[in-house]
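Visitor: Be aware that the sequence shown starts at 51, since it is given in the numbering used here, and climbs by one per residue. Just so you know, even glycine gets a beta-carbon here, dropped at the ideal spot from N, CA and C. Note that this is a predicted model, so its numbers are computed, not measured.
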Amino acid sequence: MPTYSTASIWRAIAIATTIAGTLDLLAAFILAIITGGSPAGVLRGIGSAVIDAGAFDSVAVPALVGLVLHFAIMLVMASVYIVAASRAVMIDRRPLLSGIGYGILTWLVMYWLVLPARWPTRFPILAPTEIATQLFCHILLVGIPIALVSRQARRWI
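Okay, structure coming up:
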């Protein structure tokens, strides 16, 4: 089995971040619309983790900060997996299984550590449908795409 090159690691991180970040954000937008929210509200909510969204007259600044923050978090998620996979061949042997596991892990970290640390009165949400939806999205839209891109990166030179 071919090994990773430094260039393939960087390329895989960029591609996985873009794919998983976009899929995850689109899912958040769709879920927000279904529940009466908006895509801009999703982005402002993400941005409010680091800035006070009410401090700006325009919704554009908090939304832009949210967009950048979302992809920065996804960059970390993709980097952790791809660097680990580049060092441990067993991770890439079964990308679907590894992706499912990584999707669960990313959900656990976000849902039980990151979000409650920032919004302790709102998270975690214990409704079974909310948990199932978020877990499903993290597995299907974050973990598996990152794992599949990582697996493909072994073939890049």
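(1) What's the C-alpha gap between Tyr-131 and Tyr-152?
(2) How many Å lie between Thr-67 and Ser-108 at the Cα?
(3) I'd like to know whether the C-beta atoms of Ile-59 and Val-133 end up nearer to each other than 8 Å.
(4) Note down the Cα distance separating Ile-84 from Pro-195, rounded to an integer number of angstroms.
(5) If you draw a straight line from the C-alpha of Phe-186 to the C-alpha of Trp-157, how long is it?
(6) What does the Cβ neighbour count give for Pro-145, buried or exposed, with the cut at 16 atoms within 10 Å?
(7) Measuring straight from C-alpha to C-alpha, what distance separates Arg-209 and Ala-203?
(8) Can you list, in chain order, the residues of its chain with a C-beta nearer than 7 Å to that of Gly-149? Leave out the 5 residues immediately preceding and following it.
(9) By the DSSP assignment, the alpha helix (DSSP H) with Val-100 in it spans what residues?
(10) Roughly how far, in whole angstroms, is the beta-carbon of Gly-91 from the beta-carbon of Ala-82, given that I think they are within contact range, below 8 Å?
(11) Could you tell me the boundaries of the alpha helix (DSSP H) in which Ala-62 lies?
(12) Mapping DSSP to helix, strand and coil, what is Phe-173?
(13) Mapping the DSSP letters down to three states, classify Gly-116 as helix, strand or coil.
(14) Are the CB atoms of Ile-63 and Ala-128 within a distance shorter than 8 Å?
(15) Grab me the residues of Gly-71's own chain with a C-beta within less than 7 Å of its C-beta, minus the 5 sequence neighbours each way, in chain order.
(16) Roughly how far, in whole angstroms, is the beta-carbon of Ser-200 from the beta-carbon of Asp-142, given that I think they are within contact range, below 8 Å?
Guide: Reading it off the structure:
(1) Here residue 131 refers to the residue found at position 81 of the sequence shown. Here residue 152 refers to the residue found at position 102 of the sequence shown. The C-alpha of Tyr-152 is placed about 8 Å away from the C-alpha of Tyr-131.
(2) Walking along the sequence shown from the start, residue 67 turns up at place 17. Walking along the sequence shown from the start, residue 108 turns up at place 58. Taken atom to atom, the span from the alpha-carbon of Thr-67 to that of Ser-108 is near 28 Å.
(3) What you label residue 59 is simply residue 9 of the sequence shown in a count that begins at 1. What you label residue 133 is simply residue 83 of the sequence shown in a count that begins at 1. Taking 8 Å as the cut-off, the beta carbon of Ile-59 is found closer than this to the beta carbon of Val-133.
(4) To locate residue 84, count along the sequence shown from 1; it is residue 34. To locate residue 195, count along the sequence shown from 1; it is residue 145. If I take the Cα positions, the gap works out to 24 Å.
(5) Counting from one through the sequence shown, the residue named residue 186 turns up at place 136. Counting from one through the sequence shown, the residue named residue 157 turns up at place 107. Approximately 9 Å between the Cα atoms of the pair.
(6) The residue labelled residue 145 in the question sits at position 95 within the sequence shown. With 16 or more other CB atoms across the displayed protein chains lying within 10 angstroms of its CB, Pro-145 is buried.
(7) This structure gives no information on residue 209, because the portion of the chain shown stretches from 51 to 207.
(8) Numbered from its first residue, the sequence shown carries residue 149 at position 99. Excluding positions up to five away in sequence, the list reads Gly-193, Ile-194, Ile-196, Ala-197, Leu-198.
(9) Residue 100 sits at position 50 when you count from the first residue of the sequence shown. First-last for Val-100: undefined, no H or E at that position.
(10) By one-based count along the sequence shown, residue 91 stands at place 41. By one-based count along the sequence shown, residue 82 stands at place 32. Contact holds; Cβ gap of about 6 Å.
(11) Along the sequence shown, read from residue 1 onward, the residue named residue 62 stands at position 12. Per DSSP, the continuous alpha helix (DSSP H) segment holding Ala-62 begins and ends at 56-84.
(12) Taking the sequence shown and counting its residues from 1, one reaches residue 173 at position 123. DSSP places Phe-173 in coil when its eight states are reduced to three.
(13) Here residue 116 corresponds to residue number 66 of the sequence shown, with the count starting at 1. Residue state for Gly-116 is assigned as helix, using DSSP reduced to three classes.
(14) Position 78 of the sequence shown holds residue 128. Position 13 of the sequence shown holds residue 63. Going by C-beta atoms, Ala-128 is nearer than 8 Å to Ile-63.
(15) Counting from 1 along the sequence shown, the entry for residue 71 is found at position 21. Closer than 7 Å at the Cβ level, and outside the excluded window around Gly-71, lie His-120, Phe-121, Met-124.
(16) To locate residue 200, count along the sequence shown from 1; it is residue 150. To locate residue 142, count along the sequence shown from 1; it is residue 92. With a beta-carbon spacing of about 6 Å, Ser-200 and Asp-142 fall inside the 8 Å limit used to define contacts.
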